[in-house]
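Visitor:
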Amino acid sequence: MLYGTSMDRAMERGTRRGAERRAEIVRSALEVIAERGYRGATLGAVAERVGLTQQGLLHYFPTKDSLLIAVLKERDQWDTGSGRRDGGDVWPLDLLTSLVEYNAMRPGIVQTFSALLGESVTDEHPARGFFTERYEKVRADMAATLRGEFGDRLPGGLTPEAAAPLVVAVMDGLQFQWLHDRDAVDMPALFRAFVSLLGQGDEEAEG
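Here the sequence shown is numbered in our numbering, starting from 1151 and rising by one per residue.
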């Protein structure tokens, strides 16, 4: 019985150390991406940052895509872990604008997100499931944000559920344009302008 308990504790310690090591690798990958961009964030560069061989890194993340997906999940946890309305599950609309401004300060992460997003539309891509689930959640969160801001109908007449995919499309579409020409596309300013349009009714929009 004692032998079994000791083995269980040893396995628990090993699992905890493994989780801590994975978290360290993800943090280091975030740093490398911020410094070198999507293409420069090679497995070798990340392995060197955490003091592992590339083969040792593959024990925790068998492919670059699996590591980058873990990085994006970590980014989402950071982005959505604060700023909720009244401590609940709803982001205030003005903080979404702040998030766009924050993204403009981390082009490497935006580049990684956009590159994987584009590749994930192909069948069997390892990131396809991540983005499919992510968009389902983001649309639901965005609808809740719009309902908290405008109620059951936006001034223009759309329901929050109908408007949510449009807001998400603008956010992600602006990122692609911004990555191609950061001087010509002021991502935060354009998103603020779009948010102001959401608050206009039919007559205001026509005028």
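Note that the Cβ used here is the ideal one computed from N, Cα and C, for glycine as well. Note that the structure is predicted; figures quoted are calculated from it, not measured.
If you measure between the beta carbons of Val1200 and Ile1175, is that distance less than 8 Å?
Guide: As a position in the sequence shown, residue 1200 is number 50, starting the count at 1. As a position in the sequence shown, residue 1175 is number 25, starting the count at 1. Yes, the Cβ-Cβ distance between Val1200 and Ile1175 is below 8 Å.
Visitor: Can you give the Cα-Cα distance for Pro1315 and Arg1186, rounded to whole angstroms?
Guide: If you number the sequence shown from 1, residue 1315 lands on position 165. If you number the sequence shown from 1, residue 1186 lands on position 36. Going by the C-alpha atoms only, they are around 31 Å apart.
Visitor: Taking the beta carbon of Thr1295 as the centre, do at least 16 other beta carbons fall within 10 Å, making it buried, or is it exposed?
Guide: Along the sequence shown, one-based indexing puts residue 1295 at 145. Its Cβ being crowded by 16 or more others within 10 Å, Thr1295 is buried.
Visitor: Report the residue from Val1318, Gly1206, Glu1170 and Asp1336 whose alpha carbon sits nearest the alpha carbon of Lys1287.
Guide: Stepping through the sequence shown from its first residue, residue 1287 is reached at position 137. For Lys1287, the nearest C-alpha among the options comes from Val1318.
Visitor: Thinking just about the alpha-carbon of each residue, which of Asp1336, Gly1323, Met1337 and Arg1177 is nearest to the one in Gln1227?
Guide: Walking along the sequence shown from the start, residue 1227 turns up at place 77. Closest by alpha carbon: Arg1177.
Visitor: Report the residue ranges of all alpha helix (DSSP H) runs contained in full by the stretch 1317 to 1350; include only those spanning at least 4 residues, in chain order.
Guide: 1337 to 1348
Visitor: Could you check which residue in Arg1297, Tyr1210 and Gln1325 has the C-alpha nearest to that of Ala1313?
Guide: Here residue 1313 corresponds to residue number 163 of the sequence shown, with the count starting at 1. The residue with the shortest Cα to Cα distance from Ala1313 is Arg1297.
Visitor: Just tell me which of Thr1203, Gln1205 and Gly1258 has its CA closest to the CA of Val1182.
Guide: Within the sequence shown, residue 1182 is the residue found at index 32, counting from 1. Measuring from the Cα of Val1182, the nearest candidate turns out to be Gly1258.
Visitor: Using 8 Å as the threshold, is the C-beta distance between Asp1188 and Thr1262 below it?
Guide: Counted from its first residue, the sequence shown places residue 1188 at position 38. Counted from its first residue, the sequence shown places residue 1262 at position 112. Sequence inspection shows Tyr at residue 1188; the Asp mentioned does not correspond to that position. With a cutoff of 8 Å on beta-carbon distance, Tyr1188 and Thr1262 are scored as near each other.
Visitor: Measuring alpha carbon to alpha carbon, tell me which residue in Leu1266, Met1337, Ala1254 and Glu1198 is nearest Ala1179.
Guide: Start at 1 with the first residue of the sequence shown, and residue 1179 comes out as number 29. Nearest option by C-alpha distance: Glu1198.
Visitor: Given a cut-off of 8 Å, decide if Leu1245 and Lys1214 are closer than it, judged by their beta-carbon atoms.
Guide: Counted from its first residue, the sequence shown places residue 1214 at position 64. Counted from its first residue, the sequence shown places residue 1245 at position 95. Against a cut-off of 8 Å, the Cβ pair of Leu1245 and Lys1214 comes out as no contact.
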